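Asks:
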Amino acid sequence: MADHSPKLVSIHGGHSGQFCSHATDTLEEIVQTYVDKGFTWVGLTEHIPPVSDAFLYSDDIAAGLSAAAIDDRFANYISIARDLQDRYKDSIRILVGFETECCTGYEQHVKELRDRFQPDYIVGSVHHVRDVGIDGSLASYEKATTMLGGVEALYCEYFDQQLQILEVLAPEVVGHFDLIRIHDPDYHERLEDSGVRERIFRNLEKIRALGSILDFNVRAYERGGSEPYVAPSILKMALDLGIPCVPGDDSHSIAGAGLHVQRGIAILQEYDFSTDWPIPGNNRSG
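All the letters of the sequence shown, read from the start, carry residue numbers 377 to 662 under our numbering.
1. Give me the Cβ distance between Ala445 and Ser397, rounded to the nearest whole Å; I'm assuming they're in contact under 8 Å.
2. State the Cα-Cα distance for the pair Asn659 and Asn579, rounded to the nearest angstrom.
3. Buried or exposed for Gly390, going by 16 or more other Cβ atoms inside 10 Å?
4. Mind the definition here: the region 570-585 touches the region 622-641 only if three or more C-beta pairs lie below 8 Å; say whether that holds.
5. Which two residues bound the contiguous alpha helix (DSSP H) that contains Thr521?
6. With distances taken from CA atoms, which of Gln494, Glu488, Ile468 and Val418 is nearest Ser455?
7. Entirely within the region 401-465 and at least 3 residues each: give me those beta strand (DSSP E) ranges in chain order.
8. Is the CB of Asp652 under 9 Å away from at least one CB in chain B?
9. Is DSSP giving Glu568 helix, strand or coil here?
10. Residues in its own chain within less than 6 Å of Leu471 by CB, not counting five upstream and five downstream?
11. Within 10 angstroms of its Cβ, does Lys567 collect 16 or more other Cβ (buried), or is it exposed?
12. Have a look at Met377 and Val606 and give me their C-alpha separation to the nearest angstrom.
13. Quick test of your reading: Ala614 and Leu644, contact by CB under 8 Å. State the CB separation rounded to the nearest angstrom.
14. Could you give the distance in angstroms between the alpha-carbon of Ala399 and the alpha-carbon of Ile406?
15. Among the residues of its own chain, which have a CB less than 8 Å from the CB of Leu542, if the five just before and after it don't count?
16. Only counting runs of 4 or more residues, tell me where the alpha helix (DSSP H) segments fall wholly within the region 611-653, in order along the chain.
17. Could you tell me which whole beta strand (DSSP E) segments of length 3 or greater appear in the region 532-614?
18. For Glu475 and His423, which I take to be in contact (beta-carbon distance under 8 Å), what is that distance rounded to the nearest angstrom?
19. Under 9 Å, do Phe415 and Ile498 count as touching if we go by C-beta distance?
20. Exposed or buried, what is Arg557 when buried is set at 16 or more other beta-carbons lying within 10 Å of its beta-carbon?
21. So what does DSSP say about Arg492, is it helix, strand or coil?
22. Exposed or buried, which one is His380 when buried takes at least 16 other CB atoms within 10 Å?
23. Pairing CB atoms from the region 480-491 with CB atoms from the region 508-528, are three or more of them under 8 Å?
24. Secondary structure at Glu475, three-state DSSP: helix, strand or coil?
25. Hey, would you say Tyr517 sits closer than 9 Å to Val572, going by beta carbons?
26. Measure the Cβ-Cβ separation of Pro604 and Ala596 and say whether it is below 9 Å.
27. For the beta strand (DSSP E) containing Gly393, list its first residue and its last residue.
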């Protein structure tokens, strides 16, 4: 009898200790873990190198890295990922992509990286608001909140920057759509704020127009969250708009490869999303 259960996939994964200072294990070890767990396809989506040394993360600084050194490391990532894509093609479909930043100078930087490396797709993600990191420490999040004049204003600016990424880069995948809630225990209430909600709907309409896919990012569980990015109220809007949503483990280690994906699939099924997962950049199901 045919197995009609949803295929295991991750649209946003494959960060490794080889190419990311806050990850562990080798990229091949992580790919092998996906194979061992029976994944059909996976997107490797390493972080892009910073625009300049001004945007180095603390773990990169601790490792003694410069933006130029991370650029060299990123080129090696693309080379290794393409090699794995070929060597593992009989076991798993590997897509080679990368994940963006959104800070001063990113537009030209990402376009140049895209031209240079020709990724299968990109994940459009916002990790900074007005050049201040919002997904790292609480102190940094609070700094951004103070700078913007309050949490609602921070959310609004985040979604405005996200719209800019959508307009400028047209990413095939939108990463952890509502990451801005990461340090906000009252985010359910915040997402209902009229100015925030208007921006969410506006961005979702743009995502639909682009034909892009939402990353249903289950790494939120690993980081102590009670539900994935995207939150339920946004999921409902995305479903009504016909926007596909595909699980992403955002893996940063062997332990994270495939972690909570089944849990994410169950939620998407509850909301009646299609589990005939679209493959980013292909405009067809897989």
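Virtual Cβ for every residue (Gly too), placed ideally from N, Cα, C. Note that the structure is a prediction, hence the values are computed from the model and not measured.
Replies: Once the coordinates are examined:
1. As a working mapping, residue 445 is identified with position 69 in the sequence shown. As a working mapping, residue 397 is identified with position 21 in the sequence shown. In fact, because the Cβ distance is near 11 Å, the residues do not count as touching under 8 Å.
2. By one-based count along the sequence shown, residue 659 stands at place 283. By one-based count along the sequence shown, residue 579 stands at place 203. A caution first: Asn659 carries a pLDDT of 49, below 50, which makes its placement in the model too unreliable to give a value.
3. If you number the sequence shown from 1, residue 390 lands on position 14. With 16 or more Cβ atoms within 10 Å of its Cβ, Gly390 is classed as buried.
4. no
5. For this step, residue 521 is matched to residue 145 along the sequence shown. Residues Leu514 to Leu524.
6. Position 79 of the sequence shown, counted from the start, is the residue given in the question as residue 455. Measuring from the Cα of Ser455, the nearest candidate turns out to be Gln494.
7. 417-423
8. Of the protein chains in the structure, only one exists, and it is not chain B.
9. Here residue 568 refers to the residue found at position 192 when the sequence shown is read from its first residue. Of the three classes helix, strand and coil, the one that applies to Glu568 here is coil, per DSSP.
10. Walking along the sequence shown from the start, residue 471 turns up at place 95. Within the same chain, Leu471 has close Cβ partners Gly419 and Asp496.
11. As a working note, residue 567 is residue 191 in the sequence shown. The sequence as given places Leu at residue 567; Lys does not occur at that position. Leu567 comes out buried.
12. On the sequence shown, residue 377 is found 1 positions in, with the first residue counted as 1. On the sequence shown, residue 606 is found 230 positions in, with the first residue counted as 1. At Met377, the pLDDT of 44 sits below 50, so the modelled position is not reliable; the number obtained from the coordinates is stated separately. Distance between the alpha carbons of Met377 and Val606 is about 34 Å.
13. As a first step, residue 614 must be located in the sequence shown, where it is residue number 238. As a first step, residue 644 must be located in the sequence shown, where it is residue number 268. 10 Å between Cβ atoms; not a contact.
14. For the purposes of this step, residue 399 is identified with residue 23 of the sequence shown, where counting begins at 1. For the purposes of this step, residue 406 is identified with residue 30 of the sequence shown, where counting begins at 1. Cα to Cα, the separation comes out at about 11 Å.
15. Indexing the sequence shown from 1 puts residue 542 at position 166. Excluding residues within five positions, the ones whose Cβ falls inside 8 Å are Gly500, Val550, Asn579, Lys582, Ile583, Leu586 and Ser588.
16. 637-646
17. 589-593
18. Within the sequence shown, numbered from 1, the residue matching residue 475 stands at position 99. Within the sequence shown, numbered from 1, the residue matching residue 423 stands at position 47. Confirmed, Cβ separation roughly 5 Å.
19. The count along the sequence shown starts at 1 and reaches residue 415 at position 39. The count along the sequence shown starts at 1 and reaches residue 498 at position 122. For Phe415 and Ile498, no; Cβs fall outside 9 Å.
20. Within the sequence shown, residue 557 is the residue found at index 181, counting from 1. When all chains shown are included, Arg557 counts as buried.
21. As a first step, residue 492 must be located in the sequence shown, where it is residue number 116. Helix at Arg492.
22. Within the sequence shown, numbered from 1, the residue matching residue 380 stands at position 4. Exposed: under 16 other Cβ atoms inside 10 Å.
23. no
24. As a first step, residue 475 is located in the sequence shown; it is residue number 99 there, counting from the start. Reduced to three states, the DSSP call for Glu475 is strand.
25. For the purposes of this step, residue 517 is taken as the residue at position 141 of the sequence shown. For the purposes of this step, residue 572 is taken as the residue at position 196 of the sequence shown. Against a cut-off of 9 Å, the Cβ pair of Val572 and Tyr517 comes out as no contact.
26. Start at 1 with the first residue of the sequence shown, and residue 604 comes out as number 228. Start at 1 with the first residue of the sequence shown, and residue 596 comes out as number 220. It is a contact, given that the beta carbons lie within the stated cut-off.
27. Against the sequence shown, residue 393 aligns to sequence position 17. First-last for Gly393: undefined, no H or E at that position.
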